[in-house]
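Peer 1: Here it is, the structure in full.
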Amino acid sequence: MAQERQAVQLNHIVKEVVVRKDVDGRSCVLLEDIRDAFSDFGDEFELRGAPVPYLEDEHCERLFPKRIAYYPGETLTVVPRSRGDLEALLAPGTTLTPVASPLLSTDGSPYLGSEGASAFEETLYGLFDTHYQRMHTDQEHSTREIMRELHDVQEQLSRLQLELQTSQARNEEQARENQALHLRVIELQNEALHRMTVLQTSVQAVLTQTFELHEYPSPRLFIVLPEVGSQGLNSAPILGNFVSVKFRLYFLCECGLHTSPMGPHQMNHIHIARHEGYEISRPTEFFRKFGPHVLRLLHVIKYGLVIAGLAIPALSAISAVDLPEHLAGDLENRIEICTRYLSAYQDSMDWDDTPGIDNGEHVQNRANKRRLVESDDNAYRGAAKDGFIPIEGADLRRLGTFLDRNDQDRSLGNLFRTVDEHGHVRWICLDHYHSTYHQRQDREFESEIRQNFGRFDKHLGVVSVTLSSSESMVSFFGAMTRAGGFNELDLHLCNFVYQDLKALGDALHKTNVSKLTLTCHEYREIASMGKRKLTALIKIMNTGKIRHFHFRDIKDLIPARGIQIPKCMPAVRSLELTGVSLKEGHEVFLELLRSCKNLLVLRLSEISLKSHRLEAVIKGIESCRNLTVLALRSCELSPDGAESLGLCLKSQVSLRELDLVNNLLDDSGCCAIIDAVGGRLEKLQLRNAGFGDDSAVALDRVVCADRLKCLDISDSVNTLGREGIRSITRLISRLHCAELMLPRIQEPADDHYSRIMRAVDLSNLEHLEMEGSECGDLTAAVLAAKFSDPNQACLAIATLKLALPRITLDGAQQLLASLRDFADVTVSFSNSNLFSQAGSDLAQVLDMFRNGCSRVTTLNLKDTGMADDVAFLLCEALQQTGPSNRLSSLDVSENKLTPVGGEMLLNCLHDNQVLHTLWIASPSFEHPSSMGLAVQRILEANMTLRRLSVSHVGLRELTLGLSANASALRSIKVQHINGEVDDIIAFGDFLKSDRNTLLRLVVRRARTCDSEPVLKHLSQCLKRNKTILDLQWEFEAGYEADSDILREHLERNRAEWRKRPGARIEDLATAGIDQYTARAIRGGVE
1 MAQERQAVQL
11 NHIVKEVVVR
21 KDVDGRSCVL
31 LEDIRDAFSD
41 FGDEFELRGA
51 PVPYLEDEHC
61 ERLFPKRIAY
71 YPGETLTVVP
81 RSRGDLEALL
91 APGTTLTPVA
101 SPLLSTDGSP
111 YLGSEGASAF
121 EETLYGLFDT
131 HYQRMHTDQE
141 HSTREIMREL
151 HDVQEQLSRL
161 QLELQTSQAR
171 NEEQARENQA
181 LHLRVIELQN
191 EALHRMTVLQ
201 TSVQAVLTQT
211 FELHEYPSPR
221 LFIVLPEVGS
231 QGLNSAPILG
241 NFVSVKFRLY
251 FLCECGLHTS
261 PMGPHQMNHI
271 HIARHEGYEI
281 SRPTEFFRKF
291 GPHVLRLLHV
301 IKYGLVIAGL
311 AIPALSAISA
321 VDLPEHLAGD
331 LENRIEICTR
341 YLSAYQDSMD
351 WDDTPGIDNG
361 EHVQNRANKR
371 RLVESDDNAY
381 RGAAKDGFIP
391 IEGADLRRLG
401 TFLDRNDQDR
411 SLGNLFRTVD
421 EHGHVRWICL
431 DHYHSTYHQR
441 QDREFESEIR
451 QNFGRFDKHL
461 GVVSVTLSSS
471 ESMVSFFGAM
481 TRAGGFNELD
491 LHLCNFVYQD
501 LKALGDALHK
511 TNVSKLTLTC
521 HEYREIASMG
531 KRKLTALIKI
541 MNTGKIRHFH
551 FRDIKDLIPA
561 RGIQIPKCMP
571 AVRSLELTGV
581 SLKEGHEVFL
591 ELLRSCKNLL
601 VLRLSEISLK
611 SHRLEAVIKG
621 IESCRNLTVL
631 ALRSCELSPD
641 GAESLGLCLK
651 SQVSLRELDL
661 VNNLLDDSGC
671 CAIIDAVGGR
681 LEKLQLRNAG
691 FGDDSAVALD
701 RVVCADRLKC
711 LDISDSVNTL
721 GREGIRSITR
731 LISRLHCAEL
741 MLPRIQEPAD
751 DHYSRIMRAV
761 DLSNLEHLEM
771 EGSECGDLTA
781 AVLAAKFSDP
791 NQACLAIATL
801 KLALPRITLD
811 GAQQLLASLR
821 DFADVTVSFS
831 NSNLFSQAGS
841 DLAQVLDMFR
851 NGCSRVTTLN
861 LKDTGMADDV
871 AFLLCEALQQ
881 TGPSNRLSSL
891 DVSENKLTPV
901 GGEMLLNCLH
911 DNQVLHTLWI
921 ASPSFEHPSS
931 MGLAVQRILE
941 ANMTLRRLSV
951 SHVGLRELTL
961 GLSANASALR
971 SIKVQHINGE
981 VDDIIAFGDF
991 LKSDRNTLLR
1001 LVVRRARTCD
1011 SEPVLKHLSQ
1021 CLKRNKTILD
1031 LQWEFEAGYE
1041 ADSDILREHL
1051 ERNRAEWRKR
1061 PGARIEDLAT
1071 AGIDQYTARA
1081 IRGGVE
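In full-length UniProt numbering, the protein residues as written are 1 to 1086.
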């Protein structure tokens, strides 16, 4: 069959182009075949004026090579490109500009007519266009491929870089772990060697002890002195008569380094025991046997020597207080006479027939005589050089046969046999025995405290410890009964049972503890037996030795019924309950209060006292006629109960202190209570308790100015009006308080507060608080004048808290310059726009900062308009004050700082060893992660920070910084944080590591991966974390993840923290955890 062809026309030329078959069997015409047929062509085709499309596949993409369909019997028309496009392509300045040639001329060239030139030009343009289209298409394709490859390479490089950084961090962590493991192995090796040495020493001590306990049944050190007759001490009869002279034996106390001094003026050396001595029944035989030994000891006492490892001072250095009374007057003469007597007696003896003393070295009789017969200094020095070997063995056991008095009780000169740490037997007197025994028991008790990570304040006598097992409780209670030196016990029991409380009571009965603070968690017996907790504690309260009790966070302590309470517990003077639920046990608690007839102090905190519970407490208070202190703090007291409480307090004539802080009272309720008892009070605390105008008028009316020493009426929901302000001003002018916390007042607060501060007496004031009102320059000027006045006696002030949100730069500089060296100064200029004023004097700002850094401990500059130039001056002030810097807490958040200024301030604080709290979060940092490196560097450099609040930080930089600072940081709050999946993984690895000591973690507006698997991984890391007690994690708007999954293991951490040895409630406040969360962490109940 003949080949099919397609008719194609370009301009006036028609050519036949071969028709082909594609893979689908369709007839088509390839674009390349048309190009081969014509020298000039276009990319578009028409059929009867309609465009002809290129063929496409099933994905609507053009087939390659390009093709069009076959139209039998039809002529396709090629649509050439426009001439303007070709002229633009060939215009001067393009890369395809044609070279000038006569062949291209159209002005009547002799070589080519105008028509021929035009056709040639069109052909040439077509060639250029074809070449350009191909080159442009290839360039575009190549560019796209190169860009795609570059993008892929860049992504791979970023991924590899992140993997490298993660790997480096993990390698560094592994290296640290390996180093720690290596050090731990060395430590264990040294500990094993030490234990082996101790074991060998112990074995040797046991062998020595076993031998010496048999060898030394009685004291081995003794002297013999002549008796003094009724006519006094006369040496002539003694030296002239060797037979009829009476002698007494006196044992020596072998005290030394192994014993403790009996008193500050008594030496810890060998001395004569406080005993009347033993008369020697057969002196001649005694001196034949022990004469050399006695003579040597007399020399030793006379001149001083070290014998048997023990020191004896010279007789001239011994104080009379260390001697028995009957020997203190003439001991030196007695020793001199006895020495001369024994020397003469031994000269008269027949040494050939005298048995020697078995000293272990087979010393001959004549040798003994030669060594011991002389009493001059040369003989003494020779004896000292040769050394002393005491009697032992059979000779020592025969000593008792020479004593005239039968010592049935074997008092042995009132000496007691002890064994030192090396196993040597020592005989010491009663005083040294008691002091040494108690010191040993005290050391054992302190060791128990350290093993349980407790604290022992020896100055105050306070022991604080957490016990988490019955074994540790038994060991601690046993050591406690044998120790002394403490009178207050703060005990936290975890995993306890009734028998543990009973053992505690038995142990406390044997101590001198006067105050018990008891916290209990996780009672291990069934709930129905929980009432036995109160039974055990009542037994402790009824023993009569402990007078002050504080029970804290003990769940279900007071049951509804079934408790037998004694009618009277007269020893109880103080009772405090914190976080203890009354529930239905208010009747039992009423009986408990009624049994405490002599109760002086009652403090209830964080206990719900509503309706019938308050009624029970009021009835119990009425039975305590001697009550001097009443505190109902955070007890949800309502206005309805204020009147009945006031009537109850009206009968308490001895009440001197009243604390109703953080309750739901209103102004009328406070007024009723003040009218009832205000005139007798020395201390009144109504912080956040509804204090208002009526209360202020009542306070001014009934308070005795000379009696009231502490007044706290701050932080009320009410602000004082004009009548209340006038009443408070009059009252303040009459008071001479030691502690004064002022209320919130209405505008214009600055003018009113300036009048109040003029009336304040600073002579006895120790604590002053002025917060919550819109004070400014007038108040600051009055305070500055008082602090600067040399005639004003304000040296007693220890704590000063001021908030001045309307102050200007002049007022702030004047106030800070006037401050003295008060112990704790908190100054807040928050929301004052202090640095937003135009034309601020930079020298004045620098001077203000210098005064603030050297005199203020807490400075709040939040939202004061601080920009980078002011931050630079703050850095200068911090550097200039140097060692005198006292600034421990700084807040510069919500200001106008840029990342440059924020980084400058953070860099300035790298070496600051005073600052422990810093807030520097601000929306002005804008760009995500703009503060990341600066935060990382300060965390790596500053090891004193405890709390930190930052913003615009990358999770990667935060993780690296925390890894270096984890030993110090307790709380961190981060806003505007971003990070990828690998960053979250690295952060999770840090949280579960041992380097993490964070108690509080707050993340706001997180821009991190929120996929469920990632959050699950982070949750599993938190499950292995053992420190975090407060966690808040919020995502940026638009993220749909549920961050509650991260909090599911918090309660386990809190339970572990409660029974952790060394856990302290103070750490929660240090971490900035609020009181309600802290109560939940402590396990407080309703």
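The beta-carbon is built from N, C-alpha and C at its ideal position, and this holds for glycine as well.
1) Helix, strand or coil for residue 66? Go by DSSP, reduced to three states.
2) Determine the contact status of residue 749 and residue 775, defining contact as a CB-CB distance below 7 Å.
3) Could you check what DSSP says for residue 803 in three-state terms: helix, strand or coil?
4) Among the residues of its own chain, which have a CB less than 8 Å from the CB of residue 925, if the five just before and after it don't count?
5) Helix or strand or just coil, what does DSSP make of residue 456?
6) Who are the Cβ neighbours of residue 381 in its own chain at under 7 Å, not counting the five residues just before and after it?
7) With distances taken Cα to Cα, identify the nearest neighbour of residue 513 among 450, 788 and 540.
8) Using three-state DSSP, classify residue 1070 as helix, strand or coil.
9) Between 126, 963, 955 and 799, which has its C-alpha nearest residue 942's C-alpha?
10) Rounded to the nearest angstrom, what separates residue 521 and residue 452 at their Cα positions?
11) With contact counted as at least three CB pairs below 8 Å, one residue from each stretch, are the stretch 650–664 and the stretch 680–697 in contact?
12) What is the DSSP secondary structure of residue 923, counted as helix, strand or coil?
13) Given 8 Å as the limit, is there contact between the stretch 214–222 and the stretch 186–203, that is, 3 or more CB pairs closer than that?
14) Classify residue 64: buried if its beta carbon has 16 or more other beta carbons within 10 angstroms, exposed otherwise.
15) Is residue 691 helix, strand or coil by DSSP?
16) Would you list the residues sitting across from residue 1006 in a DSSP beta bridge?
17) I'd like the list of long-range same chain contacts for residue 860, defined as Cβ closer than 6 Å, with 5 residues on each side in sequence excluded.
18) What does the Cβ neighbour count give for residue 679, buried or exposed, with the cut at 16 atoms within 10 Å?
19) So, helix, strand or coil for residue 568, using DSSP?
20) Quick check on residue 517: does DSSP put it in helix, strand or coil?
21) Pairing CB atoms from the stretch 758–776 with CB atoms from the stretch 799–816, are three or more of them under 8 Å?
22) Can you confirm whether the stretch 1059–1073 touches the stretch 1014–1021 when touching is taken to mean that 3 or more C-beta pairs between the two stretches lie within less than 8 Å?
23) Put residue 643 into one of helix, strand or coil per three-state DSSP.
24) Name, in chain order, the residues that DSSP records as bridge partners for residue 224.
25) Excluding the 5 residues flanking residue 335 on each side, which residues of the same chain have their C-beta closer than 8 Å to its C-beta?
26) Using CA atoms only, rank isn't needed, just tell me which of 177, 399 and 138 is closest to residue 251.
27) Within 10 angstroms of the Cβ of residue 60, are there 16 or more other Cβ atoms? Answer buried if so, exposed if not.
28) Just grab the DSSP bridge partners of residue 7 for me.
29) Ignore the nearest five residues each way along the sequence and tell me which others in residue 601's own chain have a CB closer than 6 Å to its CB.
30) Which value, in whole angstroms, describes the spacing of the CA atoms of residue 467 and residue 524?
31) Residue 824 lies in the beta strand (DSSP E); which residues open and close that run?
32) What does the Cβ neighbour count give for residue 13, buried or exposed, with the cut at 16 atoms within 10 Å?
33) Check whether the Cβ atoms of residue 500 and residue 470 lie closer than 7 Å to each other.
34) Return the CA-CA distance between residue 773 and residue 744, expressed in angstroms with no decimal places.
35) Based on DSSP bridge pairs, tell me the residues matched to residue 685.
36) Can the beta-carbon of residue 68 be found closer than 7 Å to that of residue 79?
Peer 2: To lay it out plainly:
1) Three-state DSSP puts residue 66 in coil, outside helix and strand.
2) Cβ distance < 7 Å, so residue 749 and residue 775 count as in contact.
3) If DSSP states are grouped into helix, strand and coil, residue 803 belongs with the strands.
4) 897, 898, 899, 902, 931, 951, 952 and 976, listed in sequence order.
5) Annotated three-state conformation of residue 456 is strand, per DSSP.
6) Low confidence applies here, because residue 381 scores a pLDDT of 43, under 50, leaving its location unreliable and the question unanswered by this model.
7) The closest CA to that of residue 513, considering only 450, 788 and 540, is found on 540.
8) Residue 1070: helix per DSSP, three-state reduction.
9) By alpha-carbon distance to residue 942, the top candidate from 126, 963, 955 and 799 is 963.
10) Rounded to the nearest angstrom, the two C-alpha atoms are 17 Å apart.
11) Look at the beta carbons and you see the stretch 650–664 touching the stretch 680–697: at least three pairs across the two are nearer than 8 Å.
12) Three-state DSSP puts residue 923 in a helix.
13) The answer is no - the stretch 186–203 does not touch the stretch 214–222, with fewer than three Cβ pairs under 8 Å.
14) Per the 10 Å Cβ criterion, exposed.
15) Under the three-state reduction of DSSP, residue 691 is assigned to coil, being neither helix nor strand.
16) For residue 1006, the pairing in a beta bridge is given by DSSP as 977 and 1035.
17) Counting only Cβ-Cβ distances below 6 Å, and skipping sequence neighbours, we find 828, 830 and 891.
18) When all chains shown are included, residue 679 counts as exposed.
19) DSSP places residue 568 in coil when its eight states are reduced to three.
20) Note: residue 517 maps to strand in three-state DSSP.
21) A contact exists between the stretch 758–776 and the stretch 799–816.
22) They do not touch, by the three-pair rule.
23) In this structure, residue 643 counts as helix in the three-state DSSP scheme.
24) Here residue 224 is bridged, per DSSP, to 249.
25) If the five residues before and after residue 335 are omitted, its C-beta is found closer than 8 Å to the C-beta atoms of 223, 225, 298, 301, 302 and 315, all from its own chain and listed in chain order.
26) Closest option to residue 251, Cα to Cα, is 399.
27) Of the residues assessed, residue 60 falls on the exposed side of the cut-off, its CB having fewer than 16 other CB atoms within 10 angstroms.
28) For residue 7, which the question treats as bridged, DSSP gives the partners 16 and 75.
29) Shown here for residue 601: same chain residues with a beta carbon closer than 6 Å to its own, the five before and five after excluded, namely 574 and 629 in chain order.
30) The alpha-carbon atoms of residue 467 and residue 524 are separated by roughly 14 Å.
31) It spans 824–828 - the beta strand (DSSP E) in which residue 824 sits, taken as one unbroken run.
32) Residue burial is scored here from C-beta neighbours: residue 13 has fewer than 16 other C-beta atoms within 10 angstroms and is therefore classed as exposed.
33) Cβ distance < 7 Å, so residue 500 and residue 470 count as in contact.
34) Each residue's alpha carbon lies about 5 Å from the other.
35) The secondary-structure analysis by DSSP pairs residue 685 across a beta bridge with 659 and 712.
36) No.
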